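Engineer: Handing you this structure, nothing more for now.
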Amino acid sequence: MRTRSNSGVRLDYYQRVVHKLILNHQQPVTGLFPASPHNDHAWIRDNLYCILAVWGLSMAFKKIADQDEDRAKTYELEQSCVKLMRGLLMAMMQQKDKVEKFKSSQNPLDSLHAKYSSATGRTVVKDNEWGHLQIDAISLYLLILAQMTASGLQCVFSLDEVAFIQNLVFYIESAYCTPDYGIWERGDKTNHGLPELNASSIGMAKAALEAMNELDLFGARGGPSSVIHVLADEAQKCQAVLQSMLPRESNSKELDSGLLSIISYPAFAVDDPQLIAKTRDTIVTKLQGKYGCKRFLRDGHKTPKEDPNRLYYEPWELRMFENIECEWPLFFCYLILDYCFQGDKANVSDYSHKLEKIMIRKDDGMKLVPELYSVPPDKADQEQCDPGSQDRIPLGRCPFIWAQSLYILGKLLQEGFLAVGELDPLNRRLCSEKKPDVVVQIVILAEDNEIRDKLLEYDLHVQTITEVAPIEVQPARVLSHLYTYLGRNKKLGLSGRKSRDVGILSTSKLYSLNDRIFAFTPQFSDMKRFYIASDYELMVDILKAEINFLKSSWQNLLGRPLVVLTLNQTYLDQGKIPMAMITTMKKLKSGYINGTRVTLGNLGDFLSTSAITNLSFLGSQEDGYPDRLNPKVQSYLEEHLLKSFSNKVSVLSKPPASRTRSLRRRMSVRGAIKKTRSINVDSETLGMEGEYVGPPVERKPSWLEVDPMVGRSPSPDDTKKMIFTKDTLSITSNAGPSTIEISNEESPSPPKEVNKNIPTIVRNRVTSDSQNLYAETETDELMAMLRETESLDEQGDILQYLVDTHGLDFNTGMLENGKVVTVKDLLKVLYEKACTQKLWGLVRHTAGMLGKRVEDLAKAVTDLLVRQKQITVGMPPNNEHTITAPLPENELRQLIHLAYGDDESTAMLTQELLVYLAMFIRTEPQLFLEMLRLRVGLIIQVMATELSRTMSCDGEEASEYLLNLSPFEMKNLLYHILSGKEFAINSVGRGNFSVVSNKSNRYGKKSQIVLEGQSLQGTIEDTPIVETDRQGQWLRRRRLDGALNRVPRDFYPRVWGVLEKCQGLIIQGKILQPNLTQEMTSGELKFALAVETVLNSIPQPEYRQLVVEALMVLTLVVEYKAVGHLGEMIGVENLVHKANQIFLEDQMRCNGDATLCCAKAPSEVAASGLLVCGGAAGVCQHLYDSAPSGSYGTMTYLARAVASLLAERIPDAAPVQCAIT
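So this is what it looks like as structure tokens:
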């Protein structure tokens, strides 16, 4: 026998180690590994990590196989891997019903189990006895399965198993919005069994989805039917959420060493090198010790202070685990692999050295990695005072096979038996390398020859839909329907894909089916769906955003993305193609748009450069005809070949019937729509009054309210308004009892526009008695008016009245093609007309009455939530509903409509704004920095206030203007408000406006309707205003930041520091207790939300901002250790009022602006009793309008206020020592 080479001898040694430590424990029947000799439970995750060393060793033997025995060893090791993968597959397939259920319910109780019996593969604990929902474990299974298959192993044997694995892909598809128990099986770190969104699970799912895409599970021997399909957009969603979360792990864990498996081997899920480095550095600095890394901060597992008799912790006891958390050598193994993949030899040897020191030697010389190192009970207190000073003892399993396996892989890599590429045959490690720029291909198709010829006039050559044959063009919804056939399997009872959503990445490919080729238009251009799609300017804007999105997200996909757009009659504006579209097409033709390379051409030219996916899964495999189309698909496609849309109802265009004009009748209907509005804004009173809380009309009766009729003497301004308000008669003369009833019950704000904005909840109560007399007799007359009036607004009022009195399904007595026409049918026609005539206020209102919903509403809300933003809808302060977890579409709609009552327009506007916010957070996440909660009601109010400021009109006109903005302008206005840019308003005729960015501070005088009369100080009109923009600028900034809940950087961790040093902070009567610091770490999202909830109880946005500034001054006192302790509770608002007092004293001393309103001698102030300038919460308007810095800045005054507070506290009493801590 030949002598073995050195490498052979060394590998034989590793084979003995692997055999003894790992393979000896593999169960011969199921192939699974038990957790320990005394516990036969097999965890999916641990089993997968255990087998990695076996797989690595098999590949090392394959390379030196110079003798038959070596080939045999290779095969034997490979088959152990296959045996384990199949053992796990069989265990999961026995729970196939759960997979089916979970796809639609996402309920933790319907999830696959996290552990099985290693002897039988059956379940070992009940659904509710364990945190089974661990998306990272199932994802890890799919990822390793993909890598092993790519390396040449065959683990999947039949098409039924392929179908099951395709359904596992659907199971993890929604990882980006599914809270689970995560890698440590505990969810929230108090271990009360609350699942949360975990970055480590999302990252693993992203890696699995990318690895599985287009993978043939039968390896080189497979065909089209054994290929797994993944919609690229699902992985992209995980990617976006992951980027927004890192280095945070979840709401309760600000950091977790488990993330090492995401940023490096095995997942390689992050493609931004800076984010990878940031996450690694944060883990190393905050969690690494001599004996490994802590799993996360305040992890009580196996620490000496943990109570072993219960599983969970009380929130207040988490503090006692600080600095004594156990350290896990496992993470040194991850770091060694990470640096091997980077080729960083210095760090590899550094960490290997650290690891060797803490490994435990057995008698036979084998080194073992223990599970964890804990502080001995008698040394816990010293360790807490001086972290890292005490020696620790190994606890738990030894060897810890998960870590041992990774250690062996590291050794094989270091000694050159394996190359990194062999452990990663799918090349996932390259995803953070720089790629060449993506070129987006764009095809524009005309619906018919007429549109094609119109484009030709502008030298734009396009084809019509019929000319691109044999390629068929279909809307995205056809693709989403076809995908529901993927993964169906009758034998296993699996129903295919559930989600209906197909994103831009999926529609940017071509699809082949037998010998046909399909192109799909993107989902956003589908006219059938929602009114946003009929605003061509917005469509152009979304197109630009999507092209930009393709540039950044197409990186790891094949071919070039292809966007196919169709132009149809609805986009024409009075028979012409709108200029906005022409200019965009010319830009596309030039080859660059907003920094992205594009190429505009014909479909045929792009066949060779686009990705083509084979839709082979539409065949009838299960019936034995894989080459024939499934008959259901066949009939669906025949039905859906583009039809013409000519079956329009022509009811409202009938010739006028009789000419009897009933003026009396018309007056009682006019304004029916307006009565439902609830945006209530006035520049003088947006949260500017002492007694009444918050701008909007409350809809819940509240005993805190001052009776609006008596609450305060109306200022002359208000009485002026009351006279001009329509329907005021009923209030002054008590003629309409029903109206009075409602206003008392609803308790609206002080009489501004008293009955204009009362949301009419009890609709029929509002129609006064006199009207009810006519109701029955005059329906015919109404119908006659409906036919004869040309104005759509009037038609809207009539229909609104009909709905109020008779309901949507009321039979109007008209017939169309022999069918009865209901009010709802008329509304639909009106809605379509309003869309084509671009009357957006009416469009929004009718859309609301018809119960239309934004298609992507649930998706938009989810997009915001998963990026750790909470959302509130409804008008603050009494009607806000907070959304903290993703909800299904219909529940969201109910919640929004509940929040706004009968105000359909604002409810629709809220849905619309949520979609825009989601677009922005996808494309420009930096706009949302330091914002935790998006309060849509407040944002709507600020938008209206800003309009009333720029257009110098009163609140009611402003809210009319707001509701009439086109979707594009609405999105634009929202953008300007989020980014804090200055803007002006242009009139575009036909009552439409456009929002323009203001480069300079001075407006051009030409077309802009910016009347320079009214600055924000609506009441100080007698002072000459020179530069309107400067004055009111800081007040406006504070108001915007307050409404958007913006706070300075690191604000919440700094407040945590203040809480450590005092006995509580009081804001608006609510107390932030110092025990919050016991329960939560400073960087924890849960802590930030607790502080934010208290701040949100302040109704006036600018006052809230001053409170935030006051807290910042307190944090500086603590950070610069000006005092050892701040003493008892601090009333933050007292600081603001103290600062206001010092400010007014200064103003009187130097005779400043404020002497005109608040800075007066006490005798004068007492006489008027009110703040003259109407500043919020009793603080002078001029203080709100001071810049933060400078000797007269707000920070100066707040600092002086804090100094006086400390002066009162410090000399008298020594700092109070709290006995409990």
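Residue 1887 in our numbering sits at position 821 of the sequence shown, with consecutive numbering throughout. Cβ coordinates follow ideal geometry from the N, Cα and C atoms, glycine included. It should be emphasised that the depicted structure is a prediction, and the values quoted were computed from it without experimental measurement.
Mind checking Cys2128: buried by the 16 CB within 10 Å criterion, or exposed?
Structural biologist: Buried: at least 16 other Cβ atoms inside 10 Å.
Engineer: With DSSP as the reference, label Glu1499 as helix, strand or coil.
Structural biologist: It is coil, neither helix nor strand.
Engineer: Which of helix, strand or coil does DSSP assign to Ile1249?
Structural biologist: Three-state DSSP puts Ile1249 in coil, outside helix and strand.
Engineer: From which residue to which residue does the alpha helix (DSSP H) around Met1079 run?
Structural biologist: It is Tyr, not Met, that sits at residue 1079 in the sequence shown. Here the alpha helix (DSSP H) through Tyr1079 covers 1072-1087.
Engineer: Which of the three DSSP states, helix, strand or coil, is assigned to Ala1723?
Structural biologist: Legend: pLDDT at Ala1723 = 40, less than 50; position of this residue unreliable, value from coordinates given subsequently. Of the three classes helix, strand and coil, the one that applies to Ala1723 here is coil, per DSSP.
Engineer: Apart from the five residues on each side of it in sequence, which residues of its chain come closer than 8 Å, Cβ to Cβ, to Lys1149?
Structural biologist: Within the same chain, Lys1149 has close Cβ partners Gln1092, Gly1097.
Engineer: DSSP three-state label for Phe1467, please.
Structural biologist: Going by the sequence as given, residue 1467 is Ile instead of Phe. Three-state result, Ile1467: helix.
Engineer: Given that a residue counts as buried once 16 or more other Cβ atoms are within 10 Å of its Cβ, and exposed if not, what is Lys1652?
Structural biologist: Lys1652 comes out exposed.
Engineer: With DSSP collapsed to three states, give me the class of Glu1262.
Structural biologist: In this structure, Glu1262 counts as strand in the three-state DSSP scheme.
Engineer: Please name the residue, chosen from Glu1135, Ser2025, Leu1114, Ser1546, that lies closest to Thr2011 on a Cα-to-Cα basis.
Structural biologist: The shortest C-alpha separation from Thr2011 is found at Ser2025.
Engineer: Please report the residue range of the alpha helix (DSSP H) in which Ser1310 lies.
Structural biologist: It spans 1298-1311 - the alpha helix (DSSP H) in which Ser1310 sits, taken as one unbroken run.
Engineer: Starting from Arg2120, trace the alpha helix (DSSP H) both ways and give me its first and last residue.
Structural biologist: Start and end: 2117-2126.
Engineer: Looking at C-alpha atoms only, which residue of Asp1929, Ala1611, Phe1334 is the closest neighbour of Asp1490?
Structural biologist: Selected option, being the one with the closest Cα: Phe1334.
Engineer: Who does Glu1383 pair with in a DSSP beta bridge?
Structural biologist: Glu1383 is not bridged to any residue.
Engineer: Please name the residue or residues paired with Phe1584 in a DSSP beta bridge.
Structural biologist: Phe1584 pairs with Glu1538, Tyr1577.
Engineer: Note the first and the last residue of the continuous beta strand (DSSP E) segment covering Arg1888.
Structural biologist: Checking the displayed sequence, the identity of residue 1888 turns out to be Thr instead of Arg. Run containing Thr1888: 1885-1888, per the beta strand (DSSP E) assignment.
Engineer: Who are the Cβ neighbours of Pro2119 in its own chain at under 7 Å, not counting the five residues just before and after it?
Structural biologist: Correct list, in chain order: Ser2148, Gly2149.
Engineer: Spatial neighbours of Ser1572 within its chain, please: CB distance less than 7 Å, with the 5 preceding and 5 following residues excluded, ordered by chain position.
Structural biologist: If we look at Ser1572 and ignore the five residues flanking it on each side, its Cβ neighbours are Leu1297, Ala1298, Asp1299, Leu1545.
Engineer: From what residue to what residue does the beta strand (DSSP E) around Ile1459 run?
Structural biologist: It spans 1459-1461 - the beta strand (DSSP E) in which Ile1459 sits, taken as one unbroken run.
Engineer: What residue range does the beta strand (DSSP E) around Ser1183 cover?
Structural biologist: Taken as a continuous stretch (DSSP letters only), the beta strand (DSSP E) holding Ser1183 covers 1181-1183.
Engineer: Can the beta-carbon of Ile2208 be found closer than 8 Å to that of Ala2267?
Structural biologist: Yes, they are a contact pair.
Engineer: Assign Arg1137 to one of two classes, buried (16 or more other C-beta atoms within 10 Å of its C-beta) or exposed (fewer than that).
Structural biologist: Counting Cβ neighbours within 10 Å, Arg1137 comes out exposed, since fewer than 16 surround it.
Engineer: If the criterion is Cβ atoms closer than 8 Å, does the pair Tyr1400 and Ser1455 meet it?
Structural biologist: The answer is no: Cβ separation not under 8 Å.
Engineer: How would you call Gln1700, buried or exposed, if buried means at least 16 neighbouring beta carbons within 10 angstroms?
Structural biologist: Its Cβ having fewer than 16 others within 10 Å, Gln1700 is exposed.
Engineer: Do Gly1873 and Leu1896 have their C-beta atoms within less than 8 Å of each other?
Structural biologist: For Gly1873 and Leu1896, no; Cβs fall outside 8 Å.
Engineer: Does Trp1382 pass the burial test, meaning 16 or more other C-beta atoms within 10 Å, or should it be called exposed?
Structural biologist: Trp1382 is exposed by the Cβ-count criterion.
Engineer: Helix, strand or coil: how does DSSP classify Tyr1524 here?
Structural biologist: Of the three classes helix, strand and coil, the one that applies to Tyr1524 here is coil, per DSSP.
Engineer: Since Pro2167 contacts Leu2004 with CB under 8 Å, what's their CB separation in whole angstroms?
Structural biologist: Confirmed, about 7 Å.
Engineer: Go to Ile1342, then tell me how far its alpha helix (DSSP H) extends in each direction, as first and last residue.
Structural biologist: Note, Ile1342: alpha helix (DSSP H), 1339-1353.
Engineer: Among residues of its own chain, excluding the 5 on either side of Ala1984, which ones have a beta-carbon nearer than 8 Å to its beta-carbon?
Structural biologist: Cβ neighbours of Ala1984 beyond the five flanking positions: Asp1922, Lys1925, Ala1926, Val1927, Asp1929, Leu1930.
Engineer: Who are the Cβ neighbours of Tyr1182 in its own chain at under 6 Å, not counting the five residues just before and after it?
Structural biologist: Within the same chain, Tyr1182 has close Cβ partners Ala1108, Ala1157.
Engineer: So, do the region 1239-1255 and the region 1566-1582 have three or more beta carbon pairs nearer to each other than 8 Å?
Structural biologist: Not touching, per the Cβ criterion.
Engineer: From this set, Gly1153, Glu1227, Asn1264, which residue's C-alpha is nearest Ser1316's C-alpha?
Structural biologist: Closest option to Ser1316, Cα to Cα, is Asn1264.
Engineer: So Leu1492 and Gln1213 are in contact, right, with Cβ under 8 Å, and what is the actual spacing, rounded?
Structural biologist: Indeed, because the Cβ distance is near 6 Å, the residues count as touching under 8 Å.
Engineer: Does DSSP classify Tyr2250 as helix, strand or coil?
Structural biologist: DSSP places Tyr2250 in helix when its eight states are reduced to three.
Engineer: Look at the Cβ atom of Ala1900, then the Cβ atom of Leu1858, and state whether they are nearer than 8 Å.
Structural biologist: Result yes, Cβ atoms of Ala1900 and Leu1858 sit closer than 8 Å.
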